Amino acid sequence: MSPSAHHHTHDMGKTFAEEPCYKTSILCVFEAVSPYMWSYMGIAFALGISVIGAAWGIFLTGSSIVGGGIKAPRISSKNLVSIIFCEAVAIYGVIMA
């Protein structure tokens with residue numbers, strides 16, 4: 001029997017399907033995902049979290065300005081600076097994205 005035939009019969013005994021690497025390791029999933037997908041996810045998170053944070057800040061400061069404006073009407077226009085800073089957070093998130 002020639003060595004090449006012996007090697008061929010030896011391979012016939014190993015008939016098993018290899019498992020995909022994502023079933024054995026979670027790191028393979030990170031390697032298999034396209035780098036563009038990671039960049040798109042970063043853009044989405046930067047936009048989404050900054051806008052949600054700005055909306056939450058505007059909600060809190062706006063409601064407190066309205067409550068304070070009822071008790072002392074002269075301070076409602078002076079406290080709009082905090083609303084402007086909350087909007088700046090959203091603009092910075094858009095710039096970072």
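In my numbering, the protein residues as written are 1 to 97. Where a beta carbon is used, it is the ideal one built from N, C-alpha and C, also for glycine. In this text the structure is predicted, and so the values were computed from the model without any measurement.
Handout entry: Proximity below 8 angstroms, CB of L47 to CB of V89
Key = No, they are not a contact pair.
Exercise for the section: Please classify V81: does DSSP put it in a helix, a strand, or coil? Expected result: In the structure shown, the three-state DSSP call for V81 is helix.
Exercise for the section: Give every residue of the same chain whose Cβ lies closer than 7 angstroms to the Cβ of A97, excluding the five residues on either side of it in the sequence, and list them in chain order. Expected result: The beta carbon of A97 lies closer than 7 angstroms to those of I43, A46, L47 in the same chain, with the five residues before and after it left out.
Practice task
Indicate whether the contact test is met: 3 or more Cβ pairs, each with one atom in the segment 18–28 and one in the segment 57–74, closer than 8 angstroms.
Solution key: no
Exercise for the section: Look at the alpha carbon of Y36 and the alpha carbon of F30, and state the distance between them as a whole number of angstroms. Expected result: 12 angstroms
Practice task
State buried or exposed for C28, treating a residue as buried only when at least 16 other CB atoms are found within 10 Å of its CB.
Solution key: exposed
Practice task
Could you tell me if A54 is buried or exposed, where buried requires 16 or more neighbouring beta carbons within 10 angstroms of its beta carbon?
Solution key: buried
Exercise for the section: Examine the ligand NAP and report whether any of its heavy atoms sits within less than 7 angstroms of the Cβ of G62. Expected result: The ligand content of the structure shown is nil, which means the ligand NAP is not present either.
Handout entry: Closest Cα partner of S64 within the set I52, N79, S34
Key = The candidate whose alpha carbon is nearest that of S64 is N79.
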